[in-house]
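A.B. asks:
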Amino acid sequence: MYPRPLLPVLAIWDRTRMTVRLSIIMVVLLVPCMSAVYGFVHFSQGQISFSERESDGNDVLLPALELFGGALTGRRPNLAALDAAMADNPELFADGGLDEAHAAVTSAAAGDPTTGAGRIAFGEALAAFITGVANESNLILDPDLDSFYVMDMEVVQLPRVLLAAARAAAPVSPAGTALIAEQAVYASELTTVAGNLRTGAETSLANTSDGTLTGRLAGVERVAAAAETIASALDAGLGTAVAVDPAPLGEAVTAVSGDLHTALGGLIGTRIDGFEAEQDTILAITVVGVLLAVYAGVGLWWHTRFHVGHMVAGVQAIAAGDLAPRPLPTGRDEFGDIGRALGTARAKIAAQEEDLRAGQDAREQQMSTSMAQQQRSEALLRERAKEAIADTASTIAMELAEVVDQVEQVRAATNRIDGQMAAAAQITESVVTKAAEADRVTGALTASLRRVAEMAQVIAGVADQTRMLALNATIEAARAGEMGKGFAVVAGEVKDLATASARSTEQISSTISSLETDVAAMFAAIGGVTDGIGSVNTATLELRQIAADQHDLVQSLDRGVAETLDRINNMVDLTDKLERREFPRYADTGPVTLVVDGERHAGRLLDVSLGGLHCTVPTLDRLGLGADVTAELRVSGTTVTLAGNVAQRTGDDLRLRFLDVSPEARGALARHIATLGNALP
Numbered sequence: 001m002y003p004r005p006l007l008p009v010l011a012i013w014d015r016t017r018m019t020v021r022l023s024i025i026m027v028v029l030l031v032p033c034m035s036a037v038y039g040f041v042h043f044s045q046g047q048i049s050f051s052e053r054e055s056d057g058n059d060v061l062l063p064a065l066e067l068f069g070g071a072l073t074g075r076r077p078n079l080a081a082l083d084a085a086m087a088d089n090p091e092l093f094a095d096g097g098l099d100e101a102h103a104a105v106t107s108a109a110a111g112d113p114t115t116g117a118g119r120i121a122f123g124e125a126l127a128a129f130i131t132g133v134a135n136e137s138n139l140i141l142d143p144d145l146d147s148f149y150v151m152d153m154e155v156v157q158l159p160r161v162l163l164a165a166a167r168a169a170a171p172v173s174p175a176g177t178a179l180i181a182e183q184a185v186y187a188s189e190l191t192t193v194a195g196n197l198r199t200g201a202e203t204s205l206a207n208t209s210d211g212t213l214t215g216r217l218a219g220v221e222r223v224a225a226a227a228e229t230i231a232s233a234l235d236a237g238l239g240t241a242v243a244v245d246p247a248p249l250g251e252a253v254t255a256v257s258g259d260l261h262t263a264l265g266g267l268i269g270t271r272i273d274g275f276e277a278e279q280d281t282i283l284a285i286t287v288v289g290v291l292l293a294v295y296a297g298v299g300l301w302w303h304t305r306f307h308v309g310h311m312v313a314g315v316q317a318i319a320a321g322d323l324a325p326r327p328l329p330t331g332r333d334e335f336g337d338i339g340r341a342l343g344t345a346r347a348k349i350a351a352q353e354e355d356l357r358a359g360q361d362a363r364e365q366q367m368s369t370s371m372a373q374q375q376r377s378e379a380l381l382r383e384r385a386k387e388a389i390a391d392t393a394s395t396i397a398m399e400l401a402e403v404v405d406q407v408e409q410v411r412a413a414t415n416r417i418d419g420q421m422a423a424a425a426q427i428t429e430s431v432v433t434k435a436a437e438a439d440r441v442t443g444a445l446t447a448s449l450r451r452v453a454e455m456a457q458v459i460a461g462v463a464d465q466t467r468m469l470a471l472n473a474t475i476e477a478a479r480a481g482e483m484g485k486g487f488a489v490v491a492g493e494v495k496d497l498a499t500a501s502a503r504s505t506e507q508i509s510s511t512i513s514s515l516e517t518d519v520a521a522m523f524a525a526i527g528g529v530t531d532g533i534g535s536v537n538t539a540t541l542e543l544r545q546i547a548a549d550q551h552d553l554v555q556s557l558d559r560g561v562a563e564t565l566d567r568i569n570n571m572v573d574l575t576d577k578l579e580r581r582e583f584p585r586y587a588d589t590g591p592v593t594l595v596v597d598g599e600r601h602a603g604r605l606l607d608v609s610l611g612g613l614h615c616t617v618p619t620l621d622r623l624g625l626g627a628d629v630t631a632e633l634r635v636s637g638t639t640v641t642l643a644g645n646v647a648q649r650t651g652d653d654l655r656l657r658f659l660d661v662s663p664e665a666r667g668a669l670a671r672h673i674a675t676l677g678n679a680l681p
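Anchor point for the sequence shown: position 530 equals 530 in the UniProt record's numbering, and the numbering is continuous, going up by one each time.
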């Protein structure tokens, strides 16, 4: 009983070959593997693209920071480097999100950034532009701790400290409390940024393995120190307009911008290299693993196909009866176990078939011996029956021959009477003489008829004796049991023949009685001639009519005796005609082919026995009794050829008697007959 949850997949497996199953499993396993690889590559490419976009943003930030630092030193801004960086990284500006910020920078640069207000406006525009670039390039979302703080210094802290210094150098509040608050805010901002720069540098150095980062971040301390100097000046001169010089800070920022750019670019490049190396490693491992899996799968597929093919061929050969040695799996897996089991089964089946073949040969030998004995007994019985029938028939034939002679004498006498009657019409005076002669002939005829009657009695006695012989034969056949069934049929036929002979004898006796009556009438007529010559013509006519009737009776008697002789003569061949009843017959509707003079004619069996067959062949219409014919039968899976001749024919219906059947053919025929059921009556 299959588990219900597995029924769908088991239904598929039941309809596919083993190699197809393995191919399906390999494909099914490769699909998620390839999907996972695709997902990993997609994710890895996303990380690489993310970091590459950061690198692009870092390239744009460098000229922006340099412009910002240069503005604090009093240099007029030149946007050529910034525009070139933007042109080299167009994907950052493709959606137009930075167009407004860039326009603001361009507008502020067109003013006078050397003045305090112009420097503040230019710084605010650059700070907004730097923030937009950081957002567009994913720098603000940098995921690594070391690069994040370098990015924070570059994107957040440096623009913040520059903007705070620009504002501190040109305060907008008048002297007094408002100025104090503004200076305090700028001083706090500068101090906070200086602390953030130092903390960021320390954190970056503590969380990186890049040995060059220490030298590149050395300038951060100068920026922090310059910011603290401006903050200290603001704190010392609170409430008074302090003249703050942001140029040192601008120069420090301009100097450190390149180092921060290089440091951040190196960290991002290292990260990208790591992603690519990881991707290449995973892909290489995956490709090698897939290749190994495909290699192993193909090997398993070939191994399974090879051994399953051998096992199927071995099983099919065993099923077809071919027990010759064949290659089978011999490994230590399940295929090897099945192969060894098949080899053992084949050896056992071969041994069993050898035993069965030996037993079958012994049974066929025993059957052949038994059938030979039966045939000898039946042949002896048939010979004895034939001799008895031949002796009886010869005796009856001799006696009937005498009857024929007497009948010939009667016919001759009748002819003479007819001639005398004709002469009596011409010679009336010799009527009396002829009547006397007729009286003598009539007497002789009466004596002949008496002898014929006696012969009829003899025939009747022979018929009774034949019936007794048939009765005795029937009794003896019944005692013989199965061995006497064939002779019982012969005895029945003999009994029927004796009955026919008795009927013929009765006909003969009846005819003789009629003849005696006619002779008596003729005798009375002749006697009447002497009493009345005047009625001689009438008597002559009556005698001629009587003679004609007597002639017809003699002819009828002659035909009956001839038929009886034919039947008696045919009794000699009775056993030959009943030869097919020597063996039990069995109904069979299989095909049969009759070969006559090299021509093949297909037919259909009606019944078959060990001694002959009964069939119908529509295409064979020129075959007579006793003609030689060869029959081909399909029995027990083989074609058996049997020579014989035609024993009986009625239209397309033929009965054949086998001649000189070989023991092998007889054995095959006997095995086929054993499968046909009960014998026909």
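Where a beta carbon is used, it is the ideal one built from N, C-alpha and C, also for glycine.
1) Can you have a look at Asp146 and say buried or exposed, based on whether 16 or more other CB atoms are within 10 angstroms of its CB?
2) Would a C-beta distance cut-off of 8 Å place Cys615 and Val629 closer than the cut-off?
3) According to DSSP, which residues form a beta bridge with Tyr586?
4) Could you check where the alpha helix (DSSP H) with Gln316 kicks off and where it finishes?
5) Over what stretch of residues does the alpha helix (DSSP H) that includes Gly651 continue unbroken?
6) If you run the structure through DSSP and keep just helix, strand and coil, what is Thr330?
7) Is the beta carbon of Leu65 less than 8 Å from the beta carbon of Val223?
8) Which first and last residues belong to the beta strand (DSSP E) in which Leu633 is found?
9) Straight-line CA distance for Glu599 to Gly359?
10) Give the single residue among Gly299, Leu605, Ser662 and Ala631 whose Cα lies nearest to the Cα of Thr19.
11) Do you know how far the Cα of Phe583 is from the Cα of Gly486?
12) Evaluate Leu10 with the Cβ neighbour count: other Cβ atoms within 10 Å of its Cβ, from every protein chain shown; 16 or more gives buried, anything less gives exposed.
13) Excluding sequence positions up to five away, which residues of its chain have a Cβ less than 7 Å from the Cβ of Ala668?
14) Alpha carbons only, please: which of Ala165, Ala201, Asn196 and Thr199 is nearest the one belonging to Ala184?
15) Which residue comes first and which comes last in the alpha helix (DSSP H) that contains Pro159?
16) Tell me whether Glu54 is buried or exposed, calling it buried when 16 or more other Cβ atoms sit within 10 Å of its Cβ.
17) For Pro325, write down the residues that DSSP places opposite it in a beta bridge.
18) Which parts of the segment 2–33 are runs of the alpha helix (DSSP H), unbroken and 4 residues or longer, counting only runs that do not cross its ends?
19) Applying the 10 Å Cβ sphere with the 16-neighbour rule, what's the burial state of Glu154?
20) Below 6 Å CB to CB, which residues in the same chain sit around Gly69 once its five sequence neighbours on both sides are set aside?
21) Compare the Cα-Cα distances from Val290 to each of Arg479, Asp259, His261 and Met26 and report the closest residue.
22) On the premise that Leu67 lies in contact with His261, defined as a C-beta separation below 8 Å, what is that separation, rounded to the nearest angstrom?
23) Mind reading off the beta-carbon distance from Ala263 to Val161? Whole number of angstroms is fine, and I expect it under 8 Å.
24) Quick one: using the 10 Å Cβ neighbour count with 16 as the cut-off for buried, is Tyr586 buried or exposed?
25) Can you tell which of Leu620, Arg671, Gly651 and Ala121 has the C-alpha that lies nearest to the C-alpha of Val608?
26) Going by the CB atoms, is the gap between Pro90 and Ala127 shorter than 8 Å?
27) What are the partner residues of Asn472, as DSSP defines its beta bridges?
28) Let me know the secondary structure DSSP gives Asp596 once reduced to three states.
29) Taking only the alpha-carbon atoms, compute the straight-line gap between Leu620 and Leu606 and give it to the nearest angstrom.
30) Can you find at least 3 beta carbon pairs, one from the segment 205–215 and one from the segment 271–285, that sit closer than 8 Å?
31) Under 8 Å: do the segment 496–503 and the segment 456–469 share three or more Cβ pairs, one atom per stretch?
32) Name the DSSP bridge partner or partners of His601?
33) What does a CB cutoff of less than 8 Å around Trp13 pick up in its chain, not counting 5 residues either side in sequence?
34) Taking only the alpha-carbon atoms, compute the straight-line gap between Leu7 and Tyr295 and give it to the nearest angstrom.
35) What is the DSSP secondary structure of Asn645, counted as helix, strand or coil?
36) What's the call for Arg580, buried or exposed, on a 16-neighbour Cβ count within 10 Å?
C.D. replies: Working from what's here:
1) Position 146 of the sequence shown holds residue 146. Classification of Asp146: buried, given that the 10 Å Cβ count is 16 or more.
2) For the purposes of this step, residue 615 is taken as the residue at position 615 of the sequence shown. For the purposes of this step, residue 629 is taken as the residue at position 629 of the sequence shown. In this structure, Val629 does not lie closer than 8 Å to Cys615 by Cβ.
3) In the sequence shown, counting from the first residue as 1, residue 586 sits at position 586. Partner(s): Val608.
4) For the purposes of this step, residue 316 is taken as residue 316 along the sequence shown, with counting starting at 1. Counting along the chain, the alpha helix (DSSP H) containing Gln316 begins and ends at Ala247 to Ala319.
5) By one-based count along the sequence shown, residue 651 stands at place 651. That residue, Gly651, is in no alpha helix (DSSP H); it is neither H nor E in DSSP.
6) Indexing the sequence shown from 1 puts residue 330 at position 330. Residue state, collapsed to three classes: coil.
7) Here residue 65 refers to the residue found at position 65 when the sequence shown is read from its first residue. Here residue 223 refers to the residue found at position 223 when the sequence shown is read from its first residue. The answer is no: Cβ separation not under 8 Å.
8) The count along the sequence shown starts at 1 and reaches residue 633 at position 633. That run of the beta strand (DSSP E) goes Asp628 to Val635.
9) Reading the sequence shown from its first residue, position 599 is the one you call residue 599. Reading the sequence shown from its first residue, position 359 is the one you call residue 359. Looking at the two C-alpha atoms, the distance is approximately 39 Å.
10) Position 19 of the sequence shown holds residue 19. Cα-wise, what sits closest to Thr19 is Gly299.
11) The residue labelled residue 486 in the question sits at position 486 within the sequence shown. The residue labelled residue 583 in the question sits at position 583 within the sequence shown. Spanning the two alpha carbons is a distance of roughly 7 Å.
12) Counted from its first residue, the sequence shown places residue 10 at position 10. Looking at its Cβ environment, which holds fewer than 16 other Cβ atoms inside 10 Å, Leu10 is exposed.
13) Here residue 668 is taken as the residue at index 668 of the sequence shown, counted from 1. Contacts found: Val635, Ser636, Thr638 and Val640.
14) Position 184 of the sequence shown, counted from the start, is the residue given in the question as residue 184. It is Ala165.
15) Counting from 1 along the sequence shown, the entry for residue 159 is found at position 159. Residues Leu158 to Ala169.
16) Taking the first residue of the sequence shown as position 1, residue 54 is located at position 54. Glu54 is buried by the Cβ-count criterion.
17) The residue labelled residue 325 in the question sits at position 325 within the sequence shown. The partner list for Pro325 (beta bridge, DSSP) is empty, contrary to what the question assumes.
18) 7–14
19) For this step, residue 154 is matched to residue 154 along the sequence shown. Answer is buried; the Cβ neighbour count reaches 16.
20) As a working note, residue 69 is residue 69 in the sequence shown. These residues qualify, in order along the chain: Gly250, Val253 and Thr254.
21) Here residue 290 refers to the residue found at position 290 of the sequence shown. If we check each option's Cα against that of Val290, Met26 comes out closest.
22) Taking the first residue of the sequence shown as position 1, residue 261 is located at position 261. Taking the first residue of the sequence shown as position 1, residue 67 is located at position 67. About 13 Å separates the two Cβ atoms, so there is no contact after all.
23) By 1-based counting over the sequence shown, the position of residue 263 is 263. By 1-based counting over the sequence shown, the position of residue 161 is 161. No, Ala263 and Val161 are not in contact; Cβ-Cβ is about 18 Å, not under 8 Å.
24) Working through the sequence shown from its first residue, we reach residue 586 at position 586. The residue is buried, with at least 16 neighbouring Cβ atoms inside 10 Å.
25) Locating residue 608 in the sequence shown gives position 608, where the first residue counts as 1. Out of Leu620, Arg671, Gly651 and Ala121, Arg671 has the C-alpha closest to the C-alpha of Val608.
26) As a position in the sequence shown, residue 127 is number 127, starting the count at 1. As a position in the sequence shown, residue 90 is number 90, starting the count at 1. No; because the gap between Cβ atoms is not below 8 Å, this pair is not in contact.
27) Mapped onto the sequence shown, residue 472 falls at position 472. DSSP, once it has assigned bridges, lists no residue as partnering Asn472.
28) Residue 596 sits at position 596 when you count from the first residue of the sequence shown. Correcting the residue type first, residue 596 is Val in the shown sequence and not Asp. DSSP places Val596 in strand when its eight states are reduced to three.
29) Start at 1 with the first residue of the sequence shown, and residue 620 comes out as number 620. Start at 1 with the first residue of the sequence shown, and residue 606 comes out as number 606. Cα-Cα distance, rounded: 16 Å.
30) no
31) yes
32) As a working note, residue 601 is residue 601 in the sequence shown. Answer is Leu594.
33) Taking the first residue of the sequence shown as position 1, residue 13 is located at position 13. So the list reads Arg21, once near-sequence residues are dropped.
34) Locating residue 7 in the sequence shown gives position 7, counting from the first residue. Locating residue 295 in the sequence shown gives position 295, counting from the first residue. Rounded to the nearest angstrom, the two C-alpha atoms are 31 Å apart.
35) On the sequence shown, residue 645 is found 645 positions in, with the first residue counted as 1. Strand.
36) What you label residue 580 is simply residue 580 of the sequence shown in a count that begins at 1. Reliability fails at Arg580, whose pLDDT of 43 lies under 50, so the model's placement of it is uncertain and the value that follows must be treated cautiously. By the 10 Å Cβ count, Arg580 comes out buried.
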